[in-house]
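*Asks:* Pasting in a structure now, in structure tokens, and then I'll have a few things to ask.
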Amino acid sequence: MPEGPQATLTLRKATVKDIEQETPDAATYSFSVEDGRDVADFSPGRFNMLYIYGVGEVPISVASSRWDRFLMHTIRSVGRVTNQMAKLRRGDHVGIRGPFGVGWPLKEAHGKEMVIIAGGLGLAPLRPAIMEALHDHAKFKGIKVLYGAKTPQDLLYRYEFGRWAEMGGLELLVTVDKGDPSWKGHTGVVTSLLNKVDILSEEVVAFICGPEVMMKYAVQELLKRRVLQDNIYVSIERQMQCGSGTCGHCQLGPVFVCKDGPVFGYPRVKMFFARGEV
Ligand SMILES: Cc1cc2nc3c(=O)[nH]c(=O)nc-3n(C[C@H](O)[C@H](O)[C@H](O)COP(=O)(O)OP(=O)(O)OC[C@H]3O[C@@H](n4cnc5c(N)ncnc54)[C@H](O)[C@@H]3O)c2cc1C
Ligand code: FES
Numbered sequence: 245m246p247e248g249p250q251a252t253l254t255l256r257k258a259t260v261k262d263i264e265q266e267t268p269d270a271a272t273y274s275f276s277v278e279d280g281r282d283v284a285d286f287s288p289g290r291f292n293m294l295y296i297y298g299v300g301e302v303p304i305s306v307a308s309s310r311w312d313r314f315l316m317h318t319i320r321s322v323g324r325v326t327n328q329m330a331k332l333r334r335g336d337h338v339g340i341r342g343p344f345g346v347g348w349p350l351k352e353a354h355g356k357e358m359v360i361i362a363g364g365l366g367l368a369p370l371r372p373a374i375m376e377a378l379h380d381h382a383k384f385k386g387i388k389v390l391y392g393a394k395t396p397q398d399l400l401y402r403y404e405f406g407r408w409a410e411m412g413g414l415e416l417l418v419t420v421d422k423g424d425p426s427w428k429g430h431t432g433v434v435t436s437l438l439n440k441v442d443i444l445s446e447e448v449v450a451f452i453c454g455p456e457v458m459m460k461y462a463v464q465e466l467l468k469r470r471v472l473q474d475n476i477y478v479s480i481e482r483q484m485q486c487g488s489g490t491c492g493h494c495q496l497g498p499v500f501v502c503k504d505g506p507v508f509g510y511p512r513v514k515m516f517f518a519r520g521e522v
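Residues 245 to 522 in the working numbering are what the sequence shown lists, from first letter to last.
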């Protein structure tokens, strides 16, 4: 099997091994990939191109870490290709190309406090970063995860939160925009959780992923708390075709989201936030 850039161009057959229904419209699929490079060869925050034979191909973040048995993708059905993915069952096949892109710069957070802010499905690309940090938590001054979703039913990975907490070093705060009778937790937008934690300001490295408006307000709130803009990273979504920097489909000003991102240091993309283009 080819390695390096060539490997990303090769479509590999992946078999669905397991499915976890996360929310009414999103599920996590565990895949076994034909050449066995299931969970190796990626850093948190990168993505694969997933291909449904005869339908089309979409970029989906890698949700697994190197401690997971299979390659995992959490997929929400929103349209033509992802609606077909929602019909996948154990034993079905998809095509996979990747991994692509630049992920979360975890080493930048070593010796600092890592603050992760995720909205809705935005927790998927952050899950491997959280796993990586928790396995190495002594390297950080703290790990804070602030996670928000629309309703309790829209929270991803709830069944794992207890295990994450047991690994040590983690402060996890969860909120929903709208609770239900069973919800005993916080209610409000995810940025409101910043009022419930003390963060180390200049010593924070923040990773943010979620709807664009949420990321915009999260950045504003962090800057108000004297977090340095050079220490803020965001993950950006754009429609993609090649995934490898050749077709120009994902271009955002001078950057290609597929090749230069999807994770960017905030200073590099802040002009697009200011113009409302992100
Ligand atoms: C780097 C990257 C990582 C991604 N990671 C994930 C992931 O981990 N899990 C995941 O589920 N998705 C992820 N996405 C988004 C995913 O690629 C799109 O949802 C998918 O391409 C939609 O294709 P479709 O053919 O199903 O929908 P289309 O038929 O193309 O779109 C149908 C409708 O859905 C709308 N739509 C398209 N994308 C989205 C979206 N993201 N959210 C809401 N509405 C949308 C369109 O505007 C259109 O109205 C990622 C995207 C990028 C760029
Ligand atoms: S998707 Fe083709 S250049 Fe980015």
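Every residue gets a Cβ at the ideal spot worked out from N, C-alpha and C, and that includes glycine.
What first and last residue would you give for the beta strand (DSSP E) that runs through Val-299?
*Replies:* Along the sequence shown, one-based indexing puts residue 299 at 55. Where Val-299 is concerned, there is no enclosing beta strand (DSSP E), given that its DSSP letter is neither H nor E.
*Asks:* Could I get the ranges of all uninterrupted beta strand (DSSP E) runs contained in the segment 408 to 441, with 3 residues as the minimum, in chain order?
*Replies:* You should have 414 to 420.
*Asks:* If you run the structure through DSSP and keep just helix, strand and coil, what is Asp-398?
*Replies:* As a first step, residue 398 is located in the sequence shown; it is residue number 154 there, counting from the start. Asp-398: helix per DSSP, three-state reduction.
*Asks:* Compare the C-beta of Pro-303 against all C-beta atoms of chain B and say whether one is closer than 8 Å.
*Replies:* The structure shown has no chain B; it contains just one protein chain.
*Asks:* Would you call the segment 470 to 484 and the segment 493 to 503 touching, i.e. three or more CB-CB distances under 8 Å?
*Replies:* Yes: the two stretches touch, three or more of their Cβ pairs being nearer than 8 Å.
*Asks:* At what residues does the beta strand (DSSP E) containing Glu-357 begin and finish?
*Replies:* Position 113 of the sequence shown holds residue 357. Element bounds for Glu-357: 357 to 363.
*Asks:* Ligand 1 heavy atoms versus the CB of Asn-327: any closer than 7 Å?
*Replies:* Residue numbering aside, residue 327 sits at position 83 when the sequence shown is read from its first letter. Within the cutoff, so yes.
*Asks:* How many Å lie between Gly-406 and Ala-373 at the Cα?
*Replies:* As a first step, residue 406 must be located in the sequence shown, where it is residue number 162. As a first step, residue 373 must be located in the sequence shown, where it is residue number 129. Gly-406 and Ala-373: Cα-Cα distance of roughly 17 Å.
*Asks:* With a threshold of 16 other CB atoms inside 10 Å of the CB of Met-293, please say whether the residue is buried or exposed.
*Replies:* Position 49 of the sequence shown, counted from the start, is the residue given in the question as residue 293. The residue in question, Met-293, is buried, as its Cβ has 16 or more Cβ neighbours within 10 Å.
*Asks:* Tell me whether Phe-500 counts as near ligand 2, meaning its Cβ is closer than 7 Å to at least one heavy atom of that ligand.
*Replies:* As a first step, residue 500 must be located in the sequence shown, where it is residue number 256. Yes.
*Asks:* Less than 7 Å separating the Cβ of Ala-368 from some heavy atom of ligand 1?
*Replies:* The count along the sequence shown starts at 1 and reaches residue 368 at position 124. Yes, ligand 1 has a heavy atom inside 7 Å of this Cβ.
*Asks:* For His-354, does the three-state DSSP call read helix, strand or coil?
*Replies:* Counted from its first residue, the sequence shown places residue 354 at position 110. Three-state result, His-354: coil.
*Asks:* How is Asp-262 classed by DSSP in three states: helix, strand or coil?
*Replies:* The residue labelled residue 262 in the question sits at position 18 within the sequence shown. The answer is strand: DSSP assigns Asp-262 an E or B state.
*Asks:* Excluding sequence positions up to five away, which residues of its chain have a Cβ less than 8 Å from the Cβ of Pro-511?
*Replies:* In the sequence shown, counting from the first residue as 1, residue 511 sits at position 267. Gln-473 and Asp-474, listed in sequence order.
*Asks:* Please report the distance separating the alpha-carbon of Glu-301 from that of Ile-263.
*Replies:* Counted from its first residue, the sequence shown places residue 301 at position 57. Counted from its first residue, the sequence shown places residue 263 at position 19. Distance between the alpha carbons of Glu-301 and Ile-263 is about 20 Å.
*Asks:* Could you tell me whether any non-hydrogen atom of ligand 1 is closer than 7 Å to the CB of Pro-349?
*Replies:* Along the sequence shown, read from residue 1 onward, the residue named residue 349 stands at position 105. Flag unset: Cβ of Pro-349 not near ligand 1.
*Asks:* Within 10 angstroms of the Cβ of Lys-468, are there 16 or more other Cβ atoms? Answer buried if so, exposed if not.
*Replies:* By 1-based counting over the sequence shown, the position of residue 468 is 224. So Lys-468 counts as exposed.
*Asks:* Rounded to whole angstroms, what's the CA-CA distance from Met-411 to Leu-378? Just pull it up for me.
*Replies:* Position 167 of the sequence shown, counted from the first residue, corresponds to residue 411. Position 134 of the sequence shown, counted from the first residue, corresponds to residue 378. For Met-411 and Leu-378, the distance between alpha carbons rounds to 6 Å.
*Asks:* So, with DSSP's three-state summary, where would you put Gln-495?
*Replies:* The sequence position of residue 495 within the sequence shown is 251, counting from 1. Residue state, collapsed to three classes: strand.
*Asks:* Excluding the 5 residues preceding and the 5 following Met-358 in the sequence, name in chain order all residues of the same chain whose CB lies nearer than 6 Å to its CB.
*Replies:* Along the sequence shown, read from residue 1 onward, the residue named residue 358 stands at position 114. Excluding sequence neighbours, Met-358 sits near Ala-377, Phe-384, Ile-387 and Val-449.
*Asks:* Under 6 Å Cβ to Cβ from Leu-438, same chain only, skipping five residues before and after it: list those, please.
*Replies:* Here residue 438 refers to the residue found at position 194 when the sequence shown is read from its first residue. Hits under 6 Å: Glu-465.
*Asks:* Compare the beta carbon distance of Gly-323 and Gly-454 with 8 Å and say whether it is the shorter of the two.
*Replies:* Residue numbering aside, residue 323 sits at position 79 when the sequence shown is read from its first letter. Residue numbering aside, residue 454 sits at position 210 when the sequence shown is read from its first letter. Going by C-beta atoms, Gly-323 is not nearer than 8 Å to Gly-454.
*Asks:* Give the C-beta separation of Gly-413 and Trp-348 to the nearest angstrom, bearing in mind that I take them to be a contact with Cβ-Cβ under 8 Å.
*Replies:* Working through the sequence shown from its first residue, we reach residue 413 at position 169. Working through the sequence shown from its first residue, we reach residue 348 at position 104. Not quite, the Cβ-Cβ distance comes to about 17 Å (not below 8 Å), so this is no contact.
*Asks:* Near Glu-278, what residues of its chain come up, given a Cβ to Cβ distance below 6 Å and the 5 sequence neighbours on each side ignored?
*Replies:* In the sequence shown, counting from the first residue as 1, residue 278 sits at position 34. Cβ neighbours of Glu-278 beyond the five flanking positions: Arg-256 and Lys-257.
*Asks:* Tell me whether the beta-carbon of Gly-363 lies closer than 8 Å to the beta-carbon of Tyr-295.
*Replies:* For the purposes of this step, residue 363 is taken as the residue at position 119 of the sequence shown. For the purposes of this step, residue 295 is taken as the residue at position 51 of the sequence shown. Not in contact: Gly-363 and Tyr-295 (Cβ atoms no closer than 8 Å).
*Asks:* Tell me whether Ser-488, by its Cβ, gets closer than 7 Å to a heavy atom of ligand 1.
*Replies:* Locating residue 488 in the sequence shown gives position 244, where the first residue counts as 1. Checking every heavy atom of ligand 1 against the Cβ of Ser-488, none is found closer than 7 Å.
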